[in-house]
Structure formats: C-alpha cells, structure tokens
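Q: First, the structure itself, so that you have it in front of you.
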C-alpha cells in the first residue's frame, strides 16, 4: 500500500538535510550516479524491457513506444546530462543586495532551495534522472510521479539514484518515487500543500491542465508553445525564409517549434509563394487565411481553431496581416506566451515588437528554436515556463530556488 | 447585472496600454489622485457613512466598524501613501544581465508588469487605494473585489481613482471594481485564468484559504504570521526582554507580532520570571508548557493548538526548549514561515539559526515587527508573502513585476 502522505512527509524531512549539503558533496553524488547508470546498464535495460513488453501487449502506437525506449545511447545521454549538471555553479547560499538601514539593521536576500518539488510526468523515463538531478543540484527534495507505462524503468532509475546518494553519505529519502500510479493517488498528491512546495507537470496539454485544475499546491506550467514568426515589411527575404524553415521543420514536435506564420501584406507578394514552396519541400501542410489563397489557391483554409493550435507536427497556419500592429494583436491573442519572432531590418518595428509582445521569449531575427536552457547559457533546464509568476521561459537550476531575508541586528526594536 | 468576464476582459485590454505608460505619466496620475482624494473628501465620507449605517443596523462589532471607518486622518494617510508610491523608482523596462552567446545572440531579461492583478479583500476601504496604486505604479491593471460591507466607500474611492487616471489621459479601465459582492461572483472571478495573471487575497485566514482552495489563477498568499522569538542560552537578558515586549505588545493584531516565545533551558531560570512579569504588565496572557509552570505555577497550560495559533491578541504561548536544535525544529514545524527571531550573543548559534530556519524573514537580535515593506526599504508593500514561489516576505513594487527574455539576433538558426 502506497501512503502518499508518508512519502511526501519523508521528502519534506529530507529536504532540510539536503538544503544544508555542501556543493562539493552534491557534485560528488551526481558524478557517482552518472557512473552507476553505466555500471547498472543491464539492470536498467531489463526493467525497461518489461515496460516495453507491456506497451506492446496493449498495442500502444510506435511513437508512444519510442518515447519509452531506453538504449545505450539514451543511457549515455542521461550520463552526460548528469555530468553537466554536476558542473553547474551551485546557486544556494548567495546573499544578494545586503543593505544597512538607518537604524543599523543589515538586511540581505539569501538564495535557498524551494524545498520539495513534485514532478508529474508522462512516458519518457529520462525525465526521472534529468529532473531529479537538476532539483537536487539546487538543494531540493523531489517527489516523482511518472506514468504507469514507465513504472519499471522509473523504479530502476530511482533505485540507482538513491543508491548513489547513499554511497555519498546523503539520505536517499531526498528522492521519492510514487509507485502507485493510480489517478486517485495523483489527486491526493496534488493536495499535499504541507509537504510539497511546488508542482511541475511535464507532459502534454491535458496533463498540464489536469494539474492546474486539481492542484492546491502552487504549479509552474511548462511547455505549451504556440510560437509565431512574423515577417515584417522590411525583412531580409533570405533570412526570413531560413528562419521560418528552421523554426518549423528541424524538430516540429518540440515546444519551441513555430506553429503560425504571419506575413506583412507589403512583403507577401515578394516572399509568400517561395516560402510556401520551401515548406512544402519539407512536407509541411499549409493552412492559410483567405489572403494566402491568392498565392496558393489549393491551400486549406485555416479556421479559428488553427490560430490557437500547437500542432507539434508538419503543419503551419499562415496569415497575411496588414502591418505590425495587426501582427502584435494577433500574437497576444492566440499565443501561449512561449516564444515569438519578428524578422525585420526596421529598427522601430524591432523595438516595438520586443516592447509589446507578451511572451516569455521575444526574438528579433533569430529562430524560436533557441528558447532552450542550454542555448540561453543555463546548462540544463527543467522546462520552459509559460506563466508569469516566479519564472518565465527556460527554467534552470537558479529558477529552482527561492530566497529568505536574513537580518543582523543589535537589539533594534520598533 | 455584473458580468465578471467582461470586467476582467476590460482589465486585460487596458493592461497592455498601461504596460507601455511612461514613468512620468504614472507619477503624474498618482499625484493627481492624491489631490482629488482631499478635494472629494465630503463625497467619500458621505458614501462611507452609508456603509457605517448598514454595519450598525446589522449590529456588527465595534472592531469591525472601526476597520470600516474613513475620517480626515485616514484619508490623509491614503494621500501620503499615494505620494510615497508616486516617488518610488519605476521598476519597469530595466534589462538585467544581457549576455552575448557564442553564436552572437544577445539575450537579456527585461522587467515587465505582471499584467492583471486581482485583489480580494475584506472590510478596510483604504486597501482600495493602497493596493491599486502600488499595482498601477508597476504597470499593472487591477480587478478589485472588496467586501460587501465597504461597497459604497469602495465605489467612491474607485470613482476618484478612475477620474484621476482619465484626467491624466490614461484609460480608467486600468482599475476595475467588482460591484457585485456575491459569493458566486468571486468564485467565477477565481476561474478567469485568461484575464487575471495573479490573485492576491488580503484578509484573514479563512479568506486566504478560500482563495487557495478555489482559485485556478496563481495565488500569492500573504499575511499569516505565527512568529517566534527564541531566547538562546547566551542572550543579552535586557535585549531579550525588550525584543519580546516590543514584538508582542506594540501592535498585537498585525502579522509581524510575536505569537510564541521559546526559551533555552539554560537561561530560563535567569530570565523567565522577569519576562512573564513584564508581559503581564502589558496585559498579556501567558500559555505555557509544563516547564513554564515551574516559574509561573498559575499559568494556563498550552495545548498543541496553541503552538499553531496566530492569536493576533494579547496572548503568548511560551515553551522552555532544551537547546537551539529543539527551537529550530519547533519553529520549522509550527510556524507559518513569516518571521522568526533569535536573541543571542553566540556567533555559532546566530549563524545556525539564519541557516536552518525556513521562514521569509529570519532575525538575529531584532524585533520581528521590522518585517514590513517600509522598514525593509521598499517604500510601500502590498502584503507579506508566506509562500515560496515568486516572492517571499514584504512585497513591494518590484515584486509586482515579472520579466521576459528579449533576444537580438542577426539571422541565427539552430
């Protein structure tokens, strides 16, 4: 019998230990876990095989099974991820902006861990290692709740993680796996406000909205990306073409891929036919507004729903807009506030777009595909926040912390 | 008929205007509102009188009516609050830590408003002006939902605020008051995720927990303060006495007042009788553990509930603890994570307390009463956050903002 409350309580208790752990020891533990993953590869693969057999018996689709598979390459990729996380600067303990007040009090903001982070995620077992190591690096305890389809893989990975902690002299209770994967248990977990400080759902839209709707714990929403490229009237045509093709076709299933293309009416006659052709060369389906049909008469007409959709596929919605004002209005209405791009050589419009677009990352003349923790210089990320509280955009190790005020006095009363 | 969705939508639309507003114009508007409050004093008092009459007819208690009263002094205090907010530095637009990546991308974090802030509050009508002005200064639109008992006062104050905006050439839609004070409407408001970015409840424990339990919008919890004073073995006795009396008795009804006193067993024989006497001189009721009864035999015995209670009254729970470890364990268990104090001259214990206590503000040798926006040098505050996400402790104008990444490229693709 899984008692979710006792799991969460164990994590909370362990969190005050790990909060005090030295940087050197955390680094040592992560390096050890990386080594153990390779040493215990056979054990991991055996357990992964059980999950794969179950998935095949249930006739799961190929893409589903692909997400579930662990092999030499994926285990090595988890290892190199761990080694990178081990090398990241430890954010904990830094005191920012200590001031001396007129009454002599010294007041500073000290960076500390969030405490206990709950991660609710779907099939990919690598999340177990990637997310745990980043949370752990920032001094947090973790309660993991992965999908039932990956439970055997997750158990094996968590065992290795906990063994690595124990061998370094750190309490293994820092990492907790909820082995009961029933829906009732996850609903219970989302009520444990006294033990979990933050919930981060990682997965598709329906998982995220289930967490937002049911959680009493503060949630950080991640990953939904209805990203736009706007080609302004003064765009460099070749640059526009390259950015659109890159943002749409290099990895259409990720959140920073482009989903909608807006083209200024002034430049559309000079560029739209060629861009559509290029996209079609990459097997991208075009869904256009009425004006797009002038350039591509066989185009499927985009519906209102299309403007809202994150396809995560070789499909793009295309609209001819009057000018930058219409583009900004459209984006702020339909976007999920992830990443938006303007391609332009017009100084005023570049600045206007940066000022008025309300998204986590706003680009001038670069692909939306750069919204990524590593590309932003954070080393690794736990996800891309699309909400406004706490953190926006890629969340690295710094975003997994909070602060407390520390105050040095000498008897002050008020 | 109040249509809450249309109110929230108006605020959202207005928020993109106010986000672009210059600092000078915001300052001008706030100064104008301050002047208008004085000019329209009679109008405010007339409307306040209706609320007071209603409250008296409903036989509301004196303390309730006191919170509701507006008079010359309280109106002047709102004015001086406004003038102070007008003078605060504008946080909006600052770009932090712009880096140049190896691929030539320039990436920076730009400070921007949160968007639309919902405030749900109880009787005090001054919150209408204080909270709105601080949110407005940080470039946010506001949806206010005050209590039914203050509806006439709130309507008058909001009218003046909106008139002041209009006269400065700013859309009055930036400030919205929900005039329908039914419970159904506030429940609806808490679901409007598309239009409200953050909800801040201001009021008692039951209001805050109702918001946390029902809101789909991210919430910032404020104001619950079960604050502790711990007198360590090496404390200066006179300092300890002054801090305890100050923290408990100067304003027992506020959240930074002390509610529990922990005394190290080593120093209790030298100090406890005298401190209890001093507290009783200020009419404070003592509820002690068994060991306290040794020093004060008539003491009422503290129950488990007492350790959890924020009295907001002339009552204090007192416990003799073995040492600093027991004190830290007790505090981290029972506290609401607001403010805690150690009184000590022992260097090691001071540092240990600062390190291990998990609260928004941790003091050495100073009264917990200093946890306050003005005392922390923020000018004004909208409340004291007791949660870990986004902001902890006093929340000033900076804490009412978020950021977006702005990226300058020259054609980069990935």
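Residue numbers (this note's numbering), protein chains in the order written: chain Y, 35 to 448; chain A, 35 to 448. Note that CB positions come from ideal geometry on N, CA and C, so glycine has one too.
Which of the three DSSP states, helix, strand or coil, is assigned to residue 35 (chain A)?
A: Residue mapping note: residue 35 (chain A) aligns to position 1 of the second chain, counting from 1. Per-residue confidence for residue 35 (chain A) stands at a pLDDT of 45, beneath the threshold of 50, marking its modelled position as unreliable; the derived number appears in the next sentence. In the structure shown, residue 35 (chain A) sits in coil (DSSP, three-state: anything other than H, G, I, E or B).
Q: Does the beta carbon of residue 437 (chain A) come closer than 8 Å to any beta carbon on chain Y?
A: Taking the second chain and counting its residues from 1, one reaches residue 437 (chain A) at position 403. Judged by the 8 Å Cβ criterion, residue 437 (chain A) is in contact with chain Y.
Q: Counting only Cβ-Cβ distances shorter than 7 Å, please list the residues of the region 137-150 of chain Y near chain D, keeping chain order.
A: Any reference to chain D falls outside this structure, whose protein chains are Y and A.
Q: From the DSSP output, read off the bridge partner residues of residue 130 (chain Y).
A: Locating residue 130 (chain Y) in the first chain gives position 96, counting from the first residue. DSSP output for residue 130 (chain Y) lists Y:143 as bridge partner(s).
Q: Per the DSSP calculation, residue 175 (chain A) is bridged to which residue(s)?
A: As a first step, residue 175 (chain A) is located in the second chain; it is residue number 141 there, counting from the start. Answer is A:150.
Q: Could you tell me whether the Cβ of residue 35 (chain A) comes closer than 8 Å to any Cβ of chain Y?
A: For the purposes of this step, residue 35 (chain A) is taken as residue 1 along the second chain, with counting starting at 1. With a pLDDT of 45 at residue 35 (chain A), under the threshold of 50, the modelled position of that residue is not reliable, and the figure given next carries that caveat. Judged by the 8 Å Cβ criterion, residue 35 (chain A) is not in contact with chain Y.
Q: Taking a Cβ distance cut-off of 8 Å, strictly less, list which residues of the region 202-224 of chain Y are near chain A, in chain order.
A: none
Q: State yes or no: is the beta carbon of residue 170 (chain Y) nearer than 8 Å to at least one beta carbon in chain A?
A: Reading the first chain from its first residue, position 136 is the one you call residue 170 (chain Y). No, because no Cβ of chain A sits closer than 8 Å to the Cβ of residue 170 (chain Y).
Q: Do the region 415-422 of chain Y and the region 296-309 of chain Y make contact, defined as three or more Cβ pairs closer than 8 Å?
A: no
Q: Of all the options Y:223, Y:377, Y:76, Y:61, which has the alpha carbon lying nearest to the alpha carbon of residue 268 (chain Y)?
A: Residue numbering aside, residue 268 (chain Y) sits at position 234 when the first chain is read from its first letter. The residue with the shortest Cα to Cα distance from residue 268 (chain Y) is Y:377.
Q: Can you grab the Cα-Cα spacing for the pair residue 426 (chain Y) / residue 206 (chain A), in whole Å?
A: Within the first chain, residue 426 (chain Y) is the residue found at index 392, counting from 1. Within the second chain, residue 206 (chain A) is the residue found at index 172, counting from 1. Computed Cα separation, rounded: 29 Å.
Q: What is the DSSP secondary structure of residue 423 (chain Y), reduced to helix, strand or coil?
A: On the first chain, residue 423 (chain Y) is found 389 positions in, with the first residue counted as 1. Residue 423 (chain Y): coil per DSSP, three-state reduction.
Q: Would you kindly work out how many angstroms separate the C-alpha atoms of residue 6 (chain A) and residue 166 (chain A), rounded to a whole number?
A: Shown here, chain A extends from 35 to 448; a query on residue 6 (chain A) therefore has no answer.
Q: Give me the Cα-Cα distance between residue 81 (chain A) and residue 95 (chain A), rounded to the nearest whole angstrom.
A: Within the second chain, the letter at position 47 stands for residue 81 (chain A). Within the second chain, the letter at position 61 stands for residue 95 (chain A). Approximately 20 Å between the Cα atoms of the pair.
Q: If we ignore side chains and look at the alpha-carbon of each, how far apart do residue 129 (chain Y) and residue 193 (chain Y) end up?
A: Against the first chain, residue 129 (chain Y) aligns to sequence position 95. Against the first chain, residue 193 (chain Y) aligns to sequence position 159. In this structure, the straight-line span from the alpha carbon of residue 129 (chain Y) to that of residue 193 (chain Y) is close to 35 Å.
Q: May I have the straight-line CA-CA distance separating residue 289 (chain A) from residue 257 (chain A), to the nearest angstrom?
A: Working through the second chain from its first residue, we reach residue 289 (chain A) at position 255. Working through the second chain from its first residue, we reach residue 257 (chain A) at position 223. The alpha-carbon atoms of residue 289 (chain A) and residue 257 (chain A) are separated by roughly 6 Å.
Q: Who are the neighbours of residue 348 (chain Y) on chain A, taking C-beta pairs under 7 Å?
A: Against the first chain, residue 348 (chain Y) aligns to sequence position 314. Simply none; closest approach about 18 Å.
Q: Which residues, in chain order, does the region 273-295 of chain Y contribute to contact with chain A at a C-beta distance below 7 Å?
A: 273, 276, 277, 280, 284
Q: Using a threshold of 8 Å, state whether the C-beta atoms of residue 421 (chain A) and residue 254 (chain A) are closer than that.
A: Stepping through the second chain from its first residue, residue 421 (chain A) is reached at position 387. Stepping through the second chain from its first residue, residue 254 (chain A) is reached at position 220. Yes; because the gap between Cβ atoms is below 8 Å, this pair is in contact.
Q: Among A:131, A:66, A:160, which residue has its Cα nearest to the Cα of residue 107 (chain A)?
A: In the second chain, residue 107 (chain A) corresponds to position 73, counting from 1. Looking at the Cα atoms, A:160 is the closest of the given residues.
Q: When DSSP labels each residue in this structure, what does residue 319 (chain Y) get in the three-state scheme?
A: The residue given as residue 319 (chain Y) occupies position 285 in the first chain. If DSSP states are grouped into helix, strand and coil, residue 319 (chain Y) belongs with the strands.
Q: Per DSSP, what are the beta-bridge partners of residue 295 (chain A) in this structure?
A: Numbered from 1 along the second chain, position 261 holds the residue referred to as residue 295 (chain A). Per DSSP, A:263, A:352.
Q: Is the region 387-400 of chain A close to the region 333-350 of chain A, with three or more CB pairs under 8 Å?
A: No, because fewer than three Cβ pairs between the region 387-400 of chain A and the region 333-350 of chain A fall closer than 8 Å, the two stretches do not touch.
Q: Buried or exposed: which applies to residue 183 (chain A), given that a residue is buried once 16 or more other Cβ atoms fall within 10 Å of its Cβ?
A: Here residue 183 (chain A) refers to the residue found at position 149 when the second chain is read from its first residue. Classification for residue 183 (chain A): buried.
Q: Does DSSP classify residue 210 (chain Y) as helix, strand or coil?
A: On the first chain, position 176 is the one that residue 210 (chain Y) refers to. In the structure shown, residue 210 (chain Y) sits in a strand (DSSP, three-state: E or B).
Q: Could you spell out where the beta strand (DSSP E) holding residue 443 (chain Y) opens and where it closes?
A: Your numbering for residue 443 (chain Y) matches position 409 in the first chain. Residue 443 (chain Y) -> beta strand (DSSP E) spans 435-446.
Q: Give a yes or no on whether the C-beta atoms belonging to residue 351 (chain A) and residue 321 (chain A) are separated by under 8 Å.
A: Position 317 of the second chain holds residue 351 (chain A). Position 287 of the second chain holds residue 321 (chain A). In contact: residue 351 (chain A) and residue 321 (chain A) (Cβ atoms closer than 8 Å).
Q: I'd like to know if residue 449 (chain Y) contacts chain A, where contact means its C-beta is closer than 8 Å to some C-beta of that chain.
A: The structure shown has nothing for residue 449 (chain Y), since chain Y only spans 35 to 448.
Q: Does DSSP put residue 155 (chain A) in a helix, in a strand, or in coil?
A: Translated into positions along the second chain, residue 155 (chain A) becomes position 121. Note: residue 155 (chain A) maps to strand in three-state DSSP.
Q: By alpha-carbon positions, which one of Y:294, Y:323, Y:92, Y:367 ends up nearest to residue 313 (chain Y)?
A: In the first chain, residue 313 (chain Y) corresponds to position 279, counting from 1. For the residues Y:294, Y:323, Y:92, Y:367, the minimum Cα distance to residue 313 (chain Y) belongs to Y:294.
Q: Residue 97 (chain A): which of A:40, A:139, A:158 sits nearest, CA to CA?
A: Walking along the second chain from the start, residue 97 (chain A) turns up at place 63. When each option's Cα is compared against that of residue 97 (chain A), the closest is A:158.
Q: Roughly how many whole angstroms lie between the Cα atoms of residue 435 (chain A) and residue 333 (chain A)?
A: Stepping through the second chain from its first residue, residue 435 (chain A) is reached at position 401. Stepping through the second chain from its first residue, residue 333 (chain A) is reached at position 299. So the alpha carbons of these two residues sit roughly 48 Å apart.
Q: Would you say residue 173 (chain Y) reaches chain A, if we count a Cβ-Cβ gap shorter than 8 Å as a contact?
A: The count along the first chain starts at 1 and reaches residue 173 (chain Y) at position 139. No, residue 173 (chain Y) lies away from the interface with chain A (no Cβ there is under 8 Å from its Cβ).
Q: For residue 331 (chain A), count neighbouring Cβ atoms within 10 angstroms of its own Cβ and tell me buried if that reaches 16, exposed if not.
A: By one-based count along the second chain, residue 331 (chain A) stands at place 297. The residue is exposed, with fewer than 16 neighbouring Cβ atoms inside 10 Å.
Q: Say whether chain A places a C-beta atom closer than 8 Å to the C-beta of residue 456 (chain Y).
A: Because chain Y spans 35 through 448 in this model, residue 456 (chain Y) falls outside it and cannot be assessed.
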